[in-house]
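What follows is a single structure, written as structure tokens, with notes after it.
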Amino acid sequence: MVTKKKETYSQAMARLEKIVSQIDNNELEIDVLAEKIKEANEIIAFCSDKLISADREIEKLLSERKECEE
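The sequence shown: position 41 = 41 (UniProt numbering), numbered continuously.
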């Protein structure tokens, strides 16, 4: 399953936590394990992009605020 376009960071993290839990608890058949690991990697990339984007936006806003105060 590819990360959904309108999925939030929290929703993606919940999906990732579910996959990790399934792996930790040996709940996955070997036939779907590689599939789930691929999905987890996609979710990690999605979340990483979201965090980087949020960080850039925050830095931009803080920089603009600092410029206004000067």
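A virtual CB, placed ideally from N, CA and C, is assigned to each residue, including glycine.
Whole-angstrom distance between residue 17 and residue 38, CA atom to CA atom: A direct Cα-to-Cα measurement between residue 38 and residue 17 gives close to 14 angstroms.
Are the beta-carbon atoms belonging to residue 61 and residue 9 less than 9 angstroms from one another? For residue 61 and residue 9, no; Cβs fall outside 9 angstroms.
Could you check the C-alpha separation between residue 15 and residue 70 for me, to the nearest Å? If you take the alpha carbons of residue 15 and residue 70, they lie about 44 angstroms apart.
With burial defined as no fewer than 16 other Cβ atoms inside 10 Å of the residue's Cβ, what is the status of residue 54: buried or exposed? By the neighbour-count definition (other C-beta atoms within 10 Å, threshold 16), residue 54 is an exposed residue.
Contact under 9 angstroms by Cβ, residue 40 with residue 58: Judged by beta-carbon spacing, residue 58 lies beyond the 9 angstroms limit of residue 40, meaning their Cβ atoms are not closer than that value.
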